[in-house]
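Q: Take this structure, written in structure tokens, and hold onto it; I'll ask about it next.
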Amino acid sequence: MRSQRTDRRSFLRTAAKATAFAAVGPGLASALLSCARDGALGHRLALFFADRKAAAAVGVEMLKRRDEPLDAAEIVELLAGDQWTRWNEWSTSDPAQLAAALREQHRLDFDEERFEVVNGWVLSRTEALLCALASVSD
Amino acid sequence: MLLDARSVPGGSDIETDICIVGAGAAGISLALELAGSPLRVALLESGGLESEPDTQALYRGRVFGRRYFSLDTARTRRFGGSTNCWQGICAPLSRLDFEAREWVVNSGWPFSAEELEPFYVRARRICGLPSEPASPNGEGASALPFQGPAIETRLLDVHPRRFGQDHRHAVTRARNVRTYLHANVIELETPSDGGRITSVRVATLEGGRFSVRAHWFVLATGAIENARLLLASNRIRSAGIGNEHDWVGRNFMEHPHVVAAVFLPSYADLSLGLYEPPGGQTPGSMAVLGLSEATQRSERLMSAFTRPVSHADLPDFERALASVVGDIDNRRDRPAQRAHFFLGQCEQAPNPSSRVRLIEQRDALGMPRVQLEWRLSDIDQRSLRRSHEILARELGRAGLGRLQLLLSEFAPDWPEDLGGGRHHMGTTRMSDDPERGVVDRNARVHSVSNLFVAGSSVFPTSGAVGPTLTLVALAIRLADQLKQLRA
Numbered sequence: 001m002r003s004q005r006t007d008r009r010s011f012l013r014t015a016a017k018a019t020a021f022a023a024v025g026p027g028l029a030s031a032l033l034s035c036a037r038d039g040a041l042g043h044r045l046a047l048f049f050a051d052r053k054a055a056a057a058v059g060v061e062m063l064k065r066r067d068e069p070l071d072a073a074e075i076v077e078l079l080a081g082d083q084w085t086r087w088n089e090w091s092t093s094d095p096a097q098l099a100a101a102l103r104e105q106h107r108l109d110f111d112e113e114r115f116e117v118v119n120g121w122v123l124s125r126t127e128a129l130l131c132a133l134a135s136v137s138d
Numbered sequence: 139m140l141l142d143a144r145s146v147p148g149g150s151d152i153e154t155d156i157c158i159v160g161a162g163a164a165g166i167s168l169a170l171e172l173a174g175s176p177l178r179v180a181l182l183e184s185g186g187l188e189s190e191p192d193t194q195a196l197y198r199g200r201v202f203g204r205r206y207f208s209l210d211t212a213r214t215r216r217f218g219g220s221t222n223c224w225q226g227i228c229a230p231l232s233r234l235d236f237e238a239r240e241w242v243v244n245s246g247w248p249f250s251a252e253e254l255e256p257f258y259v260r261a262r263r264i265c266g267l268p269s270e271p272a273s274p275n276g277e278g279a280s281a282l283p284f285q286g287p288a289i290e291t292r293l294l295d296v297h298p299r300r301f302g303q304d305h306r307h308a309v310t311r312a313r314n315v316r317t318y319l320h321a322n323v324i325e326l327e328t329p330s331d332g333g334r335i336t337s338v339r340v341a342t343l344e345g346g347r348f349s350v351r352a353h354w355f356v357l358a359t360g361a362i363e364n365a366r367l368l369l370a371s372n373r374i375r376s377a378g379i380g381n382e383h384d385w386v387g388r389n390f391m392e393h394p395h396v397v398a399a400v401f402l403p404s405y406a407d408l409s410l411g412l413y414e415p416p417g418g419q420t421p422g423s424m425a426v427l428g429l430s431e432a433t434q435r436s437e438r439l440m441s442a443f444t445r446p447v448s449h450a451d452l453p454d455f456e457r458a459l460a461s462v463v464g465d466i467d468n469r470r471d472r473p474a475q476r477a478h479f480f481l482g483q484c485e486q487a488p489n490p491s492s493r494v495r496l497i498e499q500r501d502a503l504g505m506p507r508v509q510l511e512w513r514l515s516d517i518d519q520r521s522l523r524r525s526h527e528i529l530a531r532e533l534g535r536a537g538l539g540r541l542q543l544l545l546s547e548f549a550p551d552w553p554e555d556l557g558g559g560r561h562h563m564g565t566t567r568m569s570d571d572p573e574r575g576v577v578d579r580n581a582r583v584h585s586v587s588n589l590f591v592a593g594s595s596v597f598p599t600s601g602a603v604g605p606t607l608t609l610v611a612l613a614i615r616l617a618d619q620l621k622q623l624r625a
């Protein structure tokens, strides 16, 4: 079973790819993270689950199994990848479209075995990251 | 005719055409098929019509290595054999089960699934099954709607027919069949060249001794006892009868059973009714979830399936997870209230070091007892684990729920609760090559012209389903061959 584990270095590579800046430096990446952290997308994703307390409970367990902690911005980047710009736009203009895209990505995760195993439960990477985001967001 | 070996005069020589040793599912099926034929049949059963502790104790033996049921509780030694206590789950082996698979060492039957098809039809009658294969129980029960072909719902017939009770009348009223109860075969006797069996020596627990002479002999005492009797009959051939290439007793196979996963449905009213067995002795059907043949091929796995066996209310974490799963799967208004434990069962790969052998200790009749060494292979555990991973993928993909895997990828061994189905197979394996098996495609021992073996001990590979329907089909096929030999 393939389980997606992303360290900080590969995460930064993902962030660079997401913004189409091929030669992004660490300073720009940090700025990007701050933008994501404060952006509407992060807020919207953190509110994806109606029962946010339940999602946070799952998210806490998901984060426990990681070697390195993740903050909200990093989780948003892992979730959105190269969809970040579009999703960020939908987060304000069309939240239903964003939710549909998340559900489709969640289904594709299972298709392609992008799993996160949390307390033995085989979850899609997307649902696990959404829970993680709920647990680290205010 | 029903007789009691305890009343046979000591030193007698009983003459017959066919001597069947053992009146379990295989032996009774043979006797039923031969009933009414011109052949004289002697059916020798160690036990009586009811359970008798002293007779059952003849099954005692040693379990070495991996934990297993004690050998005197893993089978039943009386008329009807282990059908006196089985669950009655019946299904034919699949097409792939008969094939030589390059990822399974020693796989491949000498014939294809088509060869057994007409005998499966007849076996259904003996097993008390309807002429058509199983259909769903009740109205409204439906298979889980997966979105791809990787996992299939397979319907199994369930009818715990007690062969001893249900077929007793048909066997004992047959004029050409003499059934001897309390007749323990303790040795197969051969002339000095060992190429044929002349008689079997029979003993009773009361001290009686006599012989049965026949043209043909059929061992039908189960996979452990068939091997025991062949190995113990070593006066002429020191390694035992049919054991020129050291296969007798090897490749002992079971169906490893373990609670392998927990299923959390995406919504409360997801029905698993189709996957529940009918209650008590009621005939019916039960569904299981198994890998498709295409998936077995592409993933290079053994056959495996799983089914819900119990359920439990949700602890806190799982309650939270149920809310999350229901939400993302668009079932927010009715989250699951309970989780279901799935019992996984898989085919065991043939493994020569998994074996039955004789030990010094002897039973009340002077026969050496056996030691069972049940050994599993890496592919067995990998197949069970991977099949549940694939199930997890397909359940998630279809929005049906999530699976918690209880078999760790990193665990060095099986969990403590590993069990089996009390399905004993493989110890006198079938092969066209005398150097690769004990019996040929007709179930005749390669090196003995008039000795046949009936039962699941001849299975070269086992599939994942219970062996009874297949061993009955093989017994019917053997009966047809014996009738032709007579002709």
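Going down the list, the protein sequences come from chains A and H. Residue 15 in the numbering used here is what sits at position 15 of the first sequence, and the numbering runs on without skipping anything. In the numbering used here, each number is its position in the second sequence, counted from 1, plus 138. Beta carbons: idealized from backbone N, C-alpha and C, even for Gly.
Considering only residues of the same chain and omitting the five flanking positions on each side of Pro421 (chain H), which have a CB-CB separation below 6 angstroms?
A: Locating residue 421 (chain H) in the second sequence gives position 283, where the first residue counts as 1. Excluding positions up to five away in sequence, the list reads His297.
Q: Looking at chain A, is there any beta carbon in it that lies within less than 9 angstroms of the beta carbon of Gly537 (chain H)?
A: For the purposes of this step, residue 537 (chain H) is taken as residue 399 along the second sequence, with counting starting at 1. Cβ-Cβ to chain A under 9 angstroms: yes for Gly537 (chain H).
Q: How big is the Cα-Cα spacing for Glu414 (chain H) and Gly482 (chain H)?
A: Stepping through the second sequence from its first residue, residue 414 (chain H) is reached at position 276. Stepping through the second sequence from its first residue, residue 482 (chain H) is reached at position 344. About 14 angstroms.
Q: Quick check on the burial criterion: 16 or more other C-beta atoms within 10 angstroms. Buried or exposed for His307 (chain H)?
A: Mapped onto the second sequence, residue 307 (chain H) falls at position 169. Exposed: under 16 other Cβ atoms inside 10 Å.
Q: Could you name the residues of the region 110–121 of chain A whose beta carbon sits closer than 7 angstroms to any beta carbon of chain H, in the order they occur along the chain?
A: Listed in sequence order: Phe110, Asp111, Glu113, Asn119, Gly120, Trp121.
Q: Could you check where the beta strand (DSSP E) with Val146 (chain H) kicks off and where it finishes?
A: The residue labelled residue 146 (chain H) in the question sits at position 8 within the second sequence. Careful: Val146 (chain H) lies outside any beta strand (DSSP E) and carries neither H nor E.
Q: Taking C-beta pairs closer than 8 angstroms, name the residues in chain A that Leu609 (chain H) reaches, listed in chain order.
A: Here residue 609 (chain H) is taken as the residue at index 471 of the second sequence, counted from 1. Under the 8 angstroms cutoff, chain A gives no residues; its nearest Cβ is about 36 angstroms from Leu609 (chain H).
Q: Quick one: Cα of Glu382 (chain H) to Cα of Arg493 (chain H), how far?
A: As a first step, residue 382 (chain H) is located in the second sequence; it is residue number 244 there, counting from the start. As a first step, residue 493 (chain H) is located in the second sequence; it is residue number 355 there, counting from the start. In a straight line, the C-alpha of Glu382 (chain H) is about 16 angstroms away from that of Arg493 (chain H).
Q: Report the residue from A:Val117, A:Gln97, A:Glu116 whose alpha carbon sits nearest the alpha carbon of Gly45 (chain A).
A: The residue you call residue 45 (chain A) lines up with position 45 of the first sequence. Reading off the sequence, residue 45 (chain A) comes out as Leu, not Gly. Residue A:Gln97 is the option with its Cα nearest to Leu45 (chain A).
Q: Return the CA-CA distance between Asn428 (chain H) and Val603 (chain H), expressed in angstroms with no decimal places.
A: Stepping through the second sequence from its first residue, residue 428 (chain H) is reached at position 290. Stepping through the second sequence from its first residue, residue 603 (chain H) is reached at position 465. Sequence inspection shows Gly at residue 428 (chain H); the Asn mentioned does not correspond to that position. Gly428 (chain H) and Val603 (chain H): Cα-Cα distance of roughly 11 angstroms.
Q: Could you list which residues in chain A have their beta carbon closer than 7 angstroms to that of Leu459 (chain H), in chain order?
A: Here residue 459 (chain H) corresponds to residue number 321 of the second sequence, with the count starting at 1. What Leu459 (chain H) touches in chain A: Val58, Trp121.
Q: Closer than 8 angstroms by C-beta to Ser515 (chain H): which residues in its own chain qualify, once you throw out the five before and the five after it? Chain order, please.
A: Here residue 515 (chain H) refers to the residue found at position 377 of the second sequence. So the qualifying residues of the chain are Gln486, Ala487, Asn489.
Q: What whole-angstrom Cβ distance do Ser600 (chain H) and Met563 (chain H) have, given they're in contact under 8 angstroms?
A: The count along the second sequence starts at 1 and reaches residue 600 (chain H) at position 462. The count along the second sequence starts at 1 and reaches residue 563 (chain H) at position 425. That belief holds up - the Cβ atoms of Ser600 (chain H) and Met563 (chain H) are roughly 5 angstroms apart, short of 8 angstroms.
Q: Answer with buried or exposed for Val243 (chain H), where buried requires no fewer than 16 other C-beta atoms within 10 angstroms of its C-beta.
A: Here residue 243 (chain H) is taken as the residue at index 105 of the second sequence, counted from 1. Classification of Val243 (chain H): exposed, given that the 10 Å Cβ count is below 16.
Q: Could you have a look at Asn88 (chain A) and say whether DSSP puts it in helix, strand or coil?
A: Your numbering for residue 88 (chain A) matches position 88 in the first sequence. Here Asn88 (chain A) sits in helix by DSSP.
Q: Three Cβ pairs or more, each shorter than 8 angstroms: is that satisfied between the region 165–176 of chain H and the region 231–249 of chain H?
A: With the cut-off at 8 angstroms, the region 165–176 of chain H and the region 231–249 of chain H do not touch.
Q: For Ser337 (chain H), does the three-state DSSP call read helix, strand or coil?
A: Indexing the second sequence from 1 puts residue 337 (chain H) at position 199. DSSP places Ser337 (chain H) in strand when its eight states are reduced to three.
Q: Cβ of Ser208 (chain H) within 9 angstroms of Cβ of Arg198 (chain H)?
A: As a working note, residue 208 (chain H) is residue 70 in the second sequence. As a working note, residue 198 (chain H) is residue 60 in the second sequence. Result yes, Cβ atoms of Ser208 (chain H) and Arg198 (chain H) sit closer than 9 angstroms.
Q: With respect to the beta strand (DSSP E) encompassing Asn364 (chain H), which residues constitute its N-terminal and C-terminal limits?
A: In the second sequence, counting from the first residue as 1, residue 364 (chain H) sits at position 226. Asn364 (chain H) -> not in any beta strand (DSSP E); alpha helix (DSSP H) instead, spanning 361–370.
Q: DSSP has Ser404 (chain H) in a bridge; who is on the other side?
A: Locating residue 404 (chain H) in the second sequence gives position 266, counting from the first residue. Answer is none; Ser404 (chain H) lacks a bridge partner.
Q: Quick one: does Leu427 (chain H) have its CB under 9 angstroms from some CB of chain A?
A: Translated into the one-based positions of the second sequence, residue 427 (chain H) becomes position 289. Output row for Leu427 (chain H): interface = no.
Q: 9 angstroms is my cut-off, CB to CB: does Ile379 (chain H) come that close to chain A?
A: Taking the second sequence and counting its residues from 1, the one referred to as residue 379 (chain H) is at position 241. Chain A, which has no Cβ nearer than 9 angstroms to the Cβ of Ile379 (chain H), makes this no.
Q: Output the distance between the C-alpha atoms of Gly286 (chain H) and Glu532 (chain H), rounded to the nearest integer angstrom.
A: Taking the first residue of the second sequence as position 1, residue 286 (chain H) is located at position 148. Taking the first residue of the second sequence as position 1, residue 532 (chain H) is located at position 394. So the two alpha carbons sit approximately 7 angstroms from each other.
Q: Does the count of Cβ pairs from the region 603–622 of chain H and the region 586–593 of chain H closer than 8 angstroms reach three?
A: Short answer: they touch.
Q: Just the Cα atoms here: how many angstroms apart are Leu522 (chain H) and Cys484 (chain H)?
A: Here residue 522 (chain H) refers to the residue found at position 384 of the second sequence. Here residue 484 (chain H) refers to the residue found at position 346 of the second sequence. One C-alpha to the other measures close to 6 angstroms.
Q: What residues in the region 523–535 of chain H bring their beta carbon closer than 7 angstroms to a beta carbon of chain A?
A: Those residues of the region 523–535 of chain H that come within reach of chain A (Cβ to Cβ, closer than 7 angstroms) are Glu527, Ala530, Arg531, Gly534, Arg535.
Q: Apart from the five residues on each side of it in sequence, which residues of its chain come closer than 7 angstroms, Cβ to Cβ, to Arg334 (chain H)?
A: Numbered from its first residue, the second sequence carries residue 334 (chain H) at position 196. Closer than 7 angstroms at the Cβ level, and outside the excluded window around Arg334 (chain H), lie Thr328, Val586, Ser587, Asn588.
Q: Enumerate in chain order the residues of its own chain whose CB-to-CB distance from Gly534 (chain H) is below 7 angstroms, with the five nearest sequence positions on each side excluded.
A: Position 396 of the second sequence holds residue 534 (chain H). Same-chain partners within the cutoff: Arg540.
Q: Would you mind telling me which residues of chain A sit closer than 8 angstroms to Val396 (chain H), beta carbon to beta carbon, in chain order?
A: Position 258 of the second sequence, counted from the first residue, corresponds to residue 396 (chain H). Going along chain A, no residue has its Cβ under 8 angstroms from Val396 (chain H), so there is no contact; the nearest lies around 14 angstroms.
Q: Going by C-alpha distance, which of H:Gln519, H:Asp551, H:Val463 is nearest Gly59 (chain A)?
A: Residue mapping note: residue 59 (chain A) aligns to position 59 of the first sequence, counting from 1. Of the listed residues, the one whose Cα sits closest to Gly59 (chain A) is H:Val463.
Q: Let me see if you follow: with CB-CB separation under 9 angstroms, is Lys53 (chain A) close to chain H or not?
A: Here residue 53 (chain A) corresponds to residue number 53 of the first sequence, with the count starting at 1. Taking Cβ atoms only, chain H reaches closer than 9 angstroms to Lys53 (chain A), which makes this a yes.
Q: Taking Ala520 (chain H) as the reference, give the member of H:Ser280, H:Pro550, H:Leu267, H:Leu616 with the closest Cα.
A: As a first step, residue 520 (chain H) is located in the second sequence; it is residue number 382 there, counting from the start. Inspection of the sequence shows that residue 520 (chain H) is occupied by Arg rather than by Ala. It is H:Pro550 whose Cα lies nearest to the Cα of Arg520 (chain H).
Q: Under 9 angstroms between C-beta atoms, does Ile466 (chain H) make it to chain A?
A: Within the second sequence, numbered from 1, the residue matching residue 466 (chain H) stands at position 328. Yes, Ile466 (chain H) lies at the interface with chain A (some Cβ there is under 9 angstroms from its Cβ).
Q: Mind listing the chain A neighbours of Phe455 (chain H)? Cutoff is C-beta to C-beta under 8 angstroms, in chain order.
A: What you label residue 455 (chain H) is simply residue 317 of the second sequence in a count that begins at 1. Those within 8 angstroms of Phe455 (chain H) in chain A are Ala57, Val58, Glu61, Asn119.
Q: I want to see whether chain A comes within less than 9 angstroms of Val462 (chain H), judged by CB atoms only; does it?
A: Sequence index remark: in the second sequence, residue 462 (chain H) carries index 324 (1-based). For Val462 (chain H), the answer is yes, since a Cβ of chain A falls inside 9 angstroms of its Cβ.
Q: What are the residues of the region 272–303 of chain H that lie near chain A, defined by any Cβ-Cβ distance shorter than 8 angstroms?
A: Answer set for the region 272–303 of chain H: empty.
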